[in-house]
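Just so we're aligned: 158 in our numbering is position 110 of the sequence shown, and the numbers increase by one with no gaps anywhere.
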Amino acid sequence: MTVTHKFPEGFWWGSAASAMQTEGAGFEGGRGKTTWDHWYETEPNRFFDGVGPETTSDFYHRYKEDIKNMKKIGHNSFRMSISWARLIPGGEGEVNAEAVTFYNNVIDELIAQGIEPFVNLFHFDMPLEMQEKGGWENREVIDAYVTYAKHCFALFGDRVTTWFTFNEPIVPVEGGYLYDFHYPNIVDAKKAFQVAYNTMIAHARVVEVYHKNYDGKIGIVLNLTPSYPRSQNPADLKASHICDLFFNRSFLDPAVKGEYPEDLIELLKEHGHLPTTQEGDRQLLKDNTVDLLGVNYYQPRRVKAKEQLPNPYSPFMPDWFFDNYEMPGRRMNPYRGWEIYEKGVYDIMINLRDNYGNIESFISENGMGVQNEERFLKDGRIEDDYRIDFIKGHLKWLHQAIQEGCNTKGYHLWTFMDNWSWMNAYKNRYGFYAVNIDTQERTAKKSASWFEEVSKNNGF
Ligand code: BG6
């Protein structure tokens with residue numbers, strides 16, 4: 049391979065996954081129930097093909113084989129998450145010894161294979177009992193989460209030195225409180241803003257604990273989506289500004305700058321959606337900013353001034369929001385339906401360089417979901433050239449950003465092997481490895497071999 053795009057020494061090549069989506073063994077090893085187990089028990093038909101969270105890629109039993117495969121295709125880092133409900137069934141109380149053994153084994157195996165574990169504390173999997181107490185609406189749940197984080201640091205912090213508090217904290221807000229795709233599936237904008245705010249308080253409290261007691265790095269993983277306006281007219285520009293404030297800056301600013309944008313506070317005040325705060329919150333956020341940022345990027349948001357009332361995505365979304373804009377000619381992933389716009393990664397990185405102190409960051413998720421991917425099977429292997437093109441297109445722009453001084457340290461694909469994805473279950477496949485869910489057989493796709501070369505050459 050002739051290398052035209054060389055990445056800096058020590059660049060992180062790898063992938064990301066989450067506990068609930070890969071471990072399986074929901075009723076084994078003493079794991080407590082999460083909201084997903086409960087939701088599936090009560091409304092199985094909401095899940096694609098009726099497939100629930102117990103049907104995953106069985107990482108709980110097959111982690112050794114999987115980590116060996118990671119090594120084989122050139123991973124030097126891997127982001128996993130710990131299941132709060134596995135470590136502390138019920139969310140509070142005794143630590144589950146079997147879970148400690150499992151996570152110790154996984155972490156030790158990764159390290160033995162030369163793969164740095166990046167560990168995330170919360171990837172959408174709230175212990176059911178904690179949700180019954182109100183989830184992130186309730187500050188007591190924040191206390192329980194901080195205790196859980198302390199246990200994680202004490203148990204694994206001798207070997208794990210790169211931590212994340214949350215993955216895409218806006219998604220449970222959107223899904224659970226606005227758009228009806230996560231439990232508790234209530235639609236209430238005021239609650240949504242409260243939950244978003246409390247999540248950031250939980251985040252800052254955990255950052256505080258970590259910084260006081262440990263020397264490693266702690267960050268947050270945000271799905272940053274550039275908000276491109278339909279036109280330069282003031283109404284469209286205002287729409288894209290509102291979109292950016294809500295979907296990016298409501299997490300990015302407090303995480304990196306330690307404060308909320310004034311414009312956002314004003315908007316919420318004006319519309320009666322200001323969350324309830326407590327004394328000391330402002331200082332807590334100010335004092336506990338992150339060391340690094342994971343950036344998940346799949347597609348941009350294109351927006352225009354509000355035209356349709358009510359909002360087609362959720363009738364409870366405020367009328368002063370914005371509308372999504374289906375830009376003519378935008379390039380779509382024909383197998384999943386999301387826009388493909390590779391330059392988005394560059395725009396995000398330049399924004400971080402210019403407006404967020406060039407904070408250390410990396411692409412913590414990027415990937416191409418494909419439905420019915422078996423159709424690309426040839427001689428026993430999925431020939432996913434479309435995924436290679438997708439990754440390459442994004443890496444080119446990332447490379448460009450690095451050339452221009454962005455502090456970008458790595459690229460992780462979503463995801464290592466096909467896995468269960470919430471309500472979409474196994475609808476969209478993203479992995480470097482295909483997984484047959486009946487036999488649990490793993491087969492490397494063409495992109496896996498390509499990635500092995502990229503990692504070996506530190507470029508392509
Ligand atoms: C990411 C999430 O945003 O999207 C993952 O962090 C999720 O948890 C992934 O699996 C893909 O989503 P989908 O709906 O295409 O399967």
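Even glycine gets a Cβ: it sits at the ideal position worked out from N, Cα and C.
The model shown is predicted, which means the values in this text are computed figures rather than measured ones.
query = If you follow the beta strand (DSSP E) that residue 413 is part of, which residue opens it and which one closes it?
reply = 409-413
query = Enumerated in chain order, which unbroken segments of the alpha helix (DSSP H) with a length of 4 residues or greater are wholly contained in the region 265-292?
reply = 282-292
message = Measuring alpha carbon to alpha carbon, tell me which residue in 78, 119, 89 is nearest residue 138.
response = 78
inquiry  = Taking the beta carbon of residue 134 as the centre, do at least 16 other beta carbons fall within 10 Å, making it buried, or is it exposed?
reply    = buried
key: DSSP-derived helix/strand/coil call for residue 485   = Residue 485 falls in the coil class under three-state DSSP.
query = Do residue 61 and residue 123 have their C-beta atoms closer together than 8 Å?
reply = Yes. Within cutoff.
message = Closer than 5 Å between the C-beta and any heavy atom of the ligand BG6: which residues qualify, listed along the chain?
response = Per the CB criterion, closer than 5 Å to any heavy atom of the ligand BG6, the qualifying residues run in chain order as 417, 469, 472, 476.
message = Tell me the DSSP secondary structure of residue 317 in three-state form.
response = Residue 317 falls in the helix class under three-state DSSP.
key: Residue closest to residue 213, alpha-carbon to alpha-carbon, out of 341, 104, 160   = 341
request  = Let me know the beta strand (DSSP E) ranges lying completely inside the region 192-241, each 3 residues or longer, listed in chain order.
outcome  = Residue ranges of uninterrupted beta strand (DSSP E) with 3 or more members, entirely inside the region 192-241 and ordered along the chain, are 210-215.
request  = Using DSSP bridges, identify the partner residues of residue 175.
outcome  = Its beta-bridge partners are 82.
key: Per-residue DSSP class, three states only, for residue 135   = helix
task = Provide the residue span of the beta strand (DSSP E) that contains residue 129, from first to last.
result = 125-129
ask   = Which runs of the beta strand (DSSP E), 3 residues or longer, sit entirely within the region 375-460?
value = 409-413
ask   = Do you know how far the Cα of residue 129 is from the Cα of residue 169?
value = 6 Å
task = Use the C-beta contact count for residue 250: other C-beta atoms within 10 angstroms, 16 or more gives buried, fewer gives exposed.
result = buried
ask   = Given residue 406, which residues of its chain have a CB within under 8 Å of its CB, disregarding the five upstream and five downstream residues?
value = 400, 453, 454, 455
key: Per-residue DSSP class, three states only, for residue 312   = Three-state result, residue 312: helix.
task = Would you check if the region 302-321 and the region 374-388 touch, i.e. whether three or more CB-CB distances between them fall below 8 Å?
result = Verdict: no, contact absent.
query = Start and end of the beta strand (DSSP E) containing residue 495?
reply = No beta strand (DSSP E) contains residue 495, which is instead part of the alpha helix (DSSP H) from 494-505.
Under 8 Å between C-beta atoms of residue 229 and residue 291 = In this structure, residue 229 lies away from residue 291, with their beta-carbon atoms at least 8 Å apart.
request  = Report back the beta-carbon spacing between residue 83 and residue 467 to the nearest angstrom; my notes put them in contact at under 8 Å.
outcome  = The Cβ separation is near 18 Å, so there is no contact.
message = Please return the same chain residues whose Cβ sits closer than 8 Å to the Cβ of residue 448, not counting the five positions on each side in sequence.
response = 394
message = In whole angstroms, give me the CA-to-CA distance for residue 284 and residue 351.
response = 7 Å
message = Please state whether the Cβ-Cβ distance between residue 241 and residue 300 is less than 8 Å.
response = Against a cut-off of 8 Å, the Cβ pair of residue 300 and residue 241 comes out as no contact.
ask   = Which residues bound the beta strand (DSSP E) around residue 167?
value = It spans 164-168 - the beta strand (DSSP E) in which residue 167 sits, taken as one unbroken run.
ask   = In three-state DSSP terms, what is residue 183?
value = helix
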